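The numbering of the sequence shown is UniProt numbering, which starts it at 1 and goes up by one. Built from N, CA and C at the ideal position, the CB exists for glycine as well. As the structure is a computational prediction, the values presented were derived from the model and not from experiment.
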Amino acid sequence: MDTKKIALEEHFSTPQNSQLWNDSGEAARNGQSYTDFIVDRLWDDNQAYLDELNRLGIERAVMSLTSPGVQGINDPQTAVDLAHKSNDEAYEHYVKANPNRFSLFAAVALQDPKAAADEAERAVKELGAKGILINGYTNMGDVNQAMYLDDARLDGFWSRINDLHVPVYLHPREPMPASTQIYQGYPELIGSAWGFTQETAVHAIRLIMSGLFDRYPDLTVILGHLGEGLSQTLPRTEHRLYRQRNGEVNGKNQRPLTSYLQTNFMCTTSGHFNTDDFKSAIAAFGPDRVMFSVDYPYEDNADAANWFDQLALPEDVKKQIAYGNAQKLLNL
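(1) Could I get the ranges of all uninterrupted beta strand (DSSP E) runs contained in the region 194-277, with 3 residues as the minimum, in chain order?
(2) Rounded to the nearest angstrom, what separates Val70 and Val143 at their Cα positions?
(3) Quick test of your reading: Ala305 and Gly57, contact by CB under 8 Å. State the CB separation rounded to the nearest angstrom.
(4) Is it right to say Gly173 is buried, meaning 16 or more other beta carbons lie within 10 angstroms of its own, or is it exposed?
(5) For Arg55 and Ile6, which I take to be in contact (beta-carbon distance under 8 Å), what is that distance rounded to the nearest angstrom?
(6) With respect to the alpha helix (DSSP H) encompassing Met306, which residues constitute its N-terminal and C-terminal limits?
(7) With contact counted as at least three CB pairs below 8 Å, one residue from each stretch, are the region 187-197 and the region 160-168 in contact?
(8) Applying the 10 Å Cβ sphere with the 16-neighbour rule, what's the burial state of Pro99?
(9) Classify His84 as helix, strand or coil using the three-state DSSP reduction.
(10) Give the straight-line distance between the Cα atoms of Leu313 and Gln181, rounded to the nearest whole angstrom.
(11) Can you tell me whether Gly128 is helix, strand or coil according to DSSP?
(12) Confirm, please, whether the CB-CB distance from Ile208 to Cys267 is below 8 Å.
(13) Hey, Thr3 and Glu89 are a contact pair by Cβ (cut 8 Å); roughly how many whole angstroms apart?
(14) Roughly how many angstroms lie between the CA atoms of Leu8 and Arg289, to the nearest whole one?
(15) Find the nearest neighbour of Ile132 within the set Asn139, Asp155, Gly141 and Arg122, judged by alpha-carbon distance.
(16) Go ahead and label Asp316 buried or exposed: buried means 16 or more other beta carbons lie within 10 angstroms of its beta carbon, across all protein chains shown.
(17) For Ser159, which of Phe12, Asp214, Asn253 and Ser293 has the nearest alpha-carbon?
(18) Quick check: Phe285 and Gln262, are their CB atoms within less than 8 Å of each other?
(19) What residue does the beta strand (DSSP E) around Lys319 start on, and which one ends it?
(20) What does the alpha-carbon distance come out to for the pair Glu119 and Leu311?
(21) Please identify the residue among Asn325, Ser64, Asp112 and Arg243 whose C-alpha is closest to the C-alpha of Thr220.
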C-alpha cells in the first residue's frame, strides 16, 4: 500500500519572477524542450497538479519560489518588492485556494537584511508560511558579488528566524559566473547536475564553521537532494581539518562538523532517488531528520513517489520520513 506523503521542495514561478528570470542560459545547457516543459509547469493549473498528487499519495506540497528567485536580483528594492509580491501571489494561488493541500516557504530579499527579516515575520504571521526558502548566495549589486548566509550583516535576520521558530530551506543555485572556469567546455554541469551540489555543500559548511548554530542552537536548516552529498563528504572534511590543525578547533564551531547534521540540519529526498545514498543520509542525519520530497516540476512526481513506496524500511521509519518528520517540523 502506498504511504501518504508530504513534499517540501516543490517550486513555482510568478509572472513577475518569470519576466526577471532569464532562462536562456538554462535552455542552452539543458535543452530548449526541457526548459519549456519546466516553465509551463511553474505556474500551472492547481487541479491538474492535485489530481497527480492524489494518485501518488502526496497529501501536501510545500511551495517555494524557483531558483535563483529573489536571490538573483541585483537591485535591492526590486528584490524586496519581488519577495513581497511573490509571497502574496503564492498564498492566493496555492494556500488560500487549497489550505489542506498546500503550504508555503516564503521568499525574502537578503539584499536588505532588515526588510528580509520583516518579510519573514509577515509571511509567517500573516500568510501562515511554514518557513523560509533561500536560493543560495544573494547577489549584491552584481552577478559576481555575493553574500552568503554566514555574513555578519545577516545576524539580525537569523535572530528573527530564531524568534519565529521556523526552518530555513537552503536551496541551490548556480555558482557565480566568475567561479565557473572548472566547467569550461561542460556547461551542462553548472546547474543541478553538479554545480548546485558543489555550491550548496560549501555554503552549508560555512554556516557550521561560522558558529551560527552555536549562537542559535535551535535553528534548523533544510538541505535538499539527500543533504547535497554531505553524508559522504563531511566526515573527511572534519578529519582533514582536525589533522591539519593538530586537533585545534577550526572556525567558530564548538563541536565536530558532522555533529551539526543531527542537531541543526534536516534533509529531503528531493531530486535524488538513489537507495544507497538514501541509506547514507539516514545514517548521517538520523531517521528523524530525513523527509520525502520531489523537486517538482524539475523532477517527476511519479518517479519520486514510486521509488519511495518500494523502499524496504521499518513501517515506523517509513512513516516518519514520508510525513511524520515534516508534520513535526512544520507544525502541520
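Reading from the atomic positions:
(1) Counting only runs of 3 or more, we get 221-223 and 265-268.
(2) Position 70 of the sequence shown, counted from the start, is the residue given in the question as residue 70. Position 143 of the sequence shown, counted from the start, is the residue given in the question as residue 143. If you take the alpha carbons of Val70 and Val143, they lie about 13 Å apart.
(3) Residue mapping note: residue 305 aligns to position 305 of the sequence shown, counting from 1. Residue mapping note: residue 57 aligns to position 57 of the sequence shown, counting from 1. Confirmed, Cβ separation roughly 6 Å.
(4) Reading the sequence shown from its first residue, position 173 is the one you call residue 173. The sequence given here places Arg at residue 173; Gly does not occur at that position. Answer is buried; the Cβ neighbour count reaches 16.
(5) If you number the sequence shown from 1, residue 55 lands on position 55. If you number the sequence shown from 1, residue 6 lands on position 6. Not confirmed; about 16 Å, so no contact.
(6) Residue mapping note: residue 306 aligns to position 306 of the sequence shown, counting from 1. With the sequence shown as reference, residue 306 is identified as Asn, and Met is not the correct amino acid for it. Where Asn306 is concerned, the enclosing alpha helix (DSSP H) starts and stops at Asn301 to Asp309.
(7) Contact fails: fewer than three Cβ-Cβ distances are below 8 Å.
(8) Here residue 99 refers to the residue found at position 99 when the sequence shown is read from its first residue. Under this definition Pro99 is an exposed residue.
(9) Residue mapping note: residue 84 aligns to position 84 of the sequence shown, counting from 1. Helix at His84.
(10) Locating residue 313 in the sequence shown gives position 313, where the first residue counts as 1. Locating residue 181 in the sequence shown gives position 181, where the first residue counts as 1. In a straight line, the C-alpha of Leu313 is about 42 Å away from that of Gln181.
(11) Residue 128 sits at position 128 when you count from the first residue of the sequence shown. DSSP places Gly128 in coil when its eight states are reduced to three.
(12) For the purposes of this step, residue 267 is identified with residue 267 of the sequence shown, where counting begins at 1. For the purposes of this step, residue 208 is identified with residue 208 of the sequence shown, where counting begins at 1. By the CB criterion at 8 Å, Cys267 and Ile208 fall outside the cutoff.
(13) Sequence index remark: in the sequence shown, residue 3 carries index 3 (1-based). Sequence index remark: in the sequence shown, residue 89 carries index 89 (1-based). About 32 Å; that fails the 8 Å criterion.
(14) The sequence position of residue 8 within the sequence shown is 8, counting from 1. The sequence position of residue 289 within the sequence shown is 289, counting from 1. If I take the Cα positions, the gap works out to 13 Å.
(15) Mapped onto the sequence shown, residue 132 falls at position 132. Check the Cα spacing between Ile132 and each of Asn139, Asp155, Gly141 and Arg122: the tightest is with Arg122.
(16) Within the sequence shown, numbered from 1, the residue matching residue 316 stands at position 316. That one is exposed.
(17) The count along the sequence shown starts at 1 and reaches residue 159 at position 159. Comparing Cα positions, the closest option is Asp214.
(18) Position 285 of the sequence shown holds residue 285. Position 262 of the sequence shown holds residue 262. Against a cut-off of 8 Å, the Cβ pair of Gln262 and Phe285 comes out as a contact.
(19) Locating residue 319 in the sequence shown gives position 319, counting from the first residue. Note, Lys319: premise wrong, no beta strand (DSSP E); alpha helix (DSSP H) at Glu315 to Lys319.
(20) Within the sequence shown, residue 119 is the residue found at index 119, counting from 1. Within the sequence shown, residue 311 is the residue found at index 311, counting from 1. Cα to Cα, the separation comes out at about 39 Å.
(21) The residue you call residue 220 lines up with position 220 of the sequence shown. The shortest C-alpha separation from Thr220 is found at Asn325.
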